[in-house]
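Numbering (full-length UniProt numbering), first residue to last: 1 to 255.
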Amino acid sequence: MRLRGRKGIKEELEQQKDLVVLEPHPYKGRWREFFGNDHPIHAELGMGKGRFISGMSKRNPEINYIGVDMYDELVRRAAVKARAIWSETEDMTPPNLALARFNILDLEDVFEEGELERIYLNFSDPWPKAKHARRRLTHANFVNKYRKVLNKDGEIHFKTDSETLFEFSLNSFSDLRLQMKNISLNLHRAGVSEEEHVMTEYETKFTKRNMPIFRMEVVIGTDAVANHHARTEAFKAAEAAEPEDTSEDTDNESE
Numbered sequence: 001m002r003l004r005g006r007k008g009i010k011e012e013l014e015q016q017k018d019l020v021v022l023e024p025h026p027y028k029g030r031w032r033e034f035f036g037n038d039h040p041i042h043a044e045l046g047m048g049k050g051r052f053i054s055g056m057s058k059r060n061p062e063i064n065y066i067g068v069d070m071y072d073e074l075v076r077r078a079a080v081k082a083r084a085i086w087s088e089t090e091d092m093t094p095p096n097l098a099l100a101r102f103n104i105l106d107l108e109d110v111f112e113e114g115e116l117e118r119i120y121l122n123f124s125d126p127w128p129k130a131k132h133a134r135r136r137l138t139h140a141n142f143v144n145k146y147r148k149v150l151n152k153d154g155e156i157h158f159k160t161d162s163e164t165l166f167e168f169s170l171n172s173f174s175d176l177r178l179q180m181k182n183i184s185l186n187l188h189r190a191g192v193s194e195e196e197h198v199m200t201e202y203e204t205k206f207t208k209r210n211m212p213i214f215r216m217e218v219v220i221g222t223d224a225v226a227n228h229h230a231r232t233e234a235f236k237a238a239e240a241a242e243p244e245d246t247s248e249d250t251d252n253e254s255e
């Protein structure tokens with residue numbers, strides 16, 4: 001996808017250093033200096049027009065967010081969206097949001113090992129042709145990059161409207177022996193809940209058409225894996241401890 005931005009877009013972005021980072025590489029290992037705190041950092045790779053990452057930053061002030069895209073025009077639109085969302089209640093620059101322009105292939109040159117806590121992949125290009133499989137953002141080549149920059153609590157949260165991309169991703173994560181959880185084949189089956197999910201522009205459009213949204217979470221970090229296994233075992237133990245419901249058998253016997 002090539003976007004034709006309006007004239008002077010780069011100059012416009014250069015004037016927004018409080019929000020836009022056009023040269024992110026020098027921040028490798030130093031992103032907390034940009035935010036001025038040591039809060040966890042979550043990044044959306046391929047943020048589009050920025051609705052999701054802006055909404056998440058507004059909802060969770062205790063987390064720092066970085067929206068990533070390689071196109072000036074999308075970074076510009078995301079900046080407009082971010083300021084609009086935050087100005088609904090406060091006329092200010094989002095204090096916990098950065099919009100970074102770079103190619104995802106450069107991920108390891110922009111983030112230090114273990115610098116991120118979560119990566120969001122929302123409605124990435126499915127690259128449907130088999131010969132383009134290596135370009136899919138859930139291909140092993142990309143996932144191994146994510147594993148390096150995610151910390152001990154690291155997770156990947158993935159959403160798509162493409163069933164074929166979802167199937168490919170399930171196999172990709174499985175081949176890498178990664179633990180998956182909260183897998184959904186129709187995220188909004190019971191209706192849309194903005195309280196639970198901040199939706200992207202694509203998600204809103206697809207949901208209005210009653211198209212299924214596929215979603216999963218991939219557990220990466222050592223602590224994240226340990227916590228997931230502990231919760232799973234606790235759930236199994238609680239189920240085993242519940243007394244068996246024999247009311248139906250009793251009713252049958254009385255007949």
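Ideal placement from N, C-alpha and C gives every residue a C-beta, glycine not left out. The model shown is predicted, which means the values in this text are computed figures rather than measured ones.
Less than 8 Å between the CB atoms is what I'm expecting for residue i and residue j, so what's the real figure, rounded?
{"i": "Tyr65", "j": "Phe123", "result": "Wrong, their Cβ atoms sit about 17 Å apart, outside the cutoff."}
{"i": "Leu165", "j": "Arg136", "result": "7 Å"}
{"i": "His228", "j": "Lys181", "result": "6 Å"}
{"i": "Ile85", "j": "Lys129", "result": "Contact doesn't hold; Cβ gap of about 36 Å is too wide."}
{"i": "Phe52", "j": "Val198", "result": "6 Å"}
{"i": "Ser54", "j": "Leu97", "result": "7 Å"}
{"i": "Arg134", "j": "Asn141", "result": "6 Å"}
Please work out which residues of its chain come closer than 8 Å, Cβ to Cβ, to residue i, disregarding the five sequence neighbours upstream and downstream, and give them in chain order.
{"i": "Glu155", "result": "Glu117, Arg118, Ile119, Glu217, Val218, Val219, Ile220, Gly221, Ala224"}
{"i": "Leu76", "result": "One point to set straight first is that residue 76 is Arg, not Leu, in the sequence displayed. These residues qualify, in order along the chain: Gly5, Ile9, Glu12, Leu13."}
{"i": "Lys49", "result": "Leu74, Arg77, Ala78, Lys81, Glu201"}
{"i": "Met92", "result": "Trp86"}
{"i": "Thr232", "result": "none"}
{"i": "Leu178", "result": "Val143, Val218, Val219, Ile220"}
{"i": "Ala190", "result": "none"}
Output needed for residue i: all residues of its chain with C-beta closer than 7 Å, excluding positions within five of it in sequence on either side, in chain order.
{"i": "Phe102", "result": "Pro24, Val68, Met70, Val110"}
{"i": "Gln16", "result": "Ala79"}
{"i": "His188", "result": "Thr207, Ile213"}
{"i": "Glu163", "result": "Phe214"}
{"i": "Lys145", "result": "Leu107, Glu108"}
{"i": "Leu185", "result": "Pro212, Phe214"}
{"i": "Leu105", "result": "none"}
{"i": "Lys28", "result": "Asp109, Val110, Phe111, Glu112"}
{"i": "Glu44", "result": "Phe52, Ile53, Gly67, Val68, Tyr120, Asn122"}
Hey, residue i and residue j: beta-carbon distance below 9 Å or not?
{"i": "Ile9", "j": "Glu73", "result": "yes"}
{"i": "Ser169", "j": "Thr138", "result": "yes"}
{"i": "residue 326", "j": "His157", "result": "As displayed, the chain neither begins before 1 nor continues past 255, which places residue 326 out of reach and without an answer."}
{"i": "Leu150", "j": "Arg83", "result": "no"}
{"i": "Val143", "j": "Ser172", "result": "yes"}
{"i": "Asp125", "j": "Gly36", "result": "no"}
{"i": "Glu115", "j": "Ile183", "result": "no"}
Which residues does DSSP pair with residue i in a beta bridge?
{"i": "Lys159", "result": "Asn122, Arg215"}
{"i": "Leu45", "result": "Val68"}
{"i": "Val21", "result": "Ala100"}
{"i": "Leu150", "result": "Leu116"}
Give every residue of the same chain whose Cβ lies closer than 6 Å to the Cβ of residue i, excluding the five residues on either side of it in the sequence, and list them in chain order.
{"i": "Asp38", "result": "Arg32"}
{"i": "Ala237", "result": "none"}
{"i": "Thr250", "result": "Note on Thr250: pLDDT 48, under 50, position unreliable in the model; no value is reported."}
{"i": "Lys131", "result": "none"}
{"i": "Pro94", "result": "Ser57, Ala82, Trp86"}
{"i": "Trp127", "result": "Arg135, Arg136"}
{"i": "Ser254", "result": "Bear in mind that the predicted position of Ser254 carries a pLDDT of just 43, short of 50, making it unreliable; the figure below should be weighed with that in mind. For Ser254, where only same-chain residues beyond five positions count, there are no Cβ hits under 6 Å."}
Query raised in the report: Which residue spans inside the segment 173 to 237 form an unbroken alpha helix (DSSP H) run of at least 4?
Result: Taking only runs of at least 4 residues, the alpha helix (DSSP H) segments lying wholly in the segment 173 to 237 are 201 to 208.
Query raised in the report: Where in the segment 98 to 135 do unbroken runs of the alpha helix (DSSP H), each at least 4 residues long, occur, reported from the N-terminal end onward?
Result: The DSSP assignment places complete alpha helix (DSSP H) segments of no fewer than 4 residues inside the segment 98 to 135 at 107 to 110, in order along the chain.
Query - 3 or more residues per run - each beta strand (DSSP E) lying fully within the segment 57 to 88 - result: Every beta strand (DSSP E) stretch that sits fully inside the segment 57 to 88 and reaches 3 residues is listed by chain position as 64 to 69.
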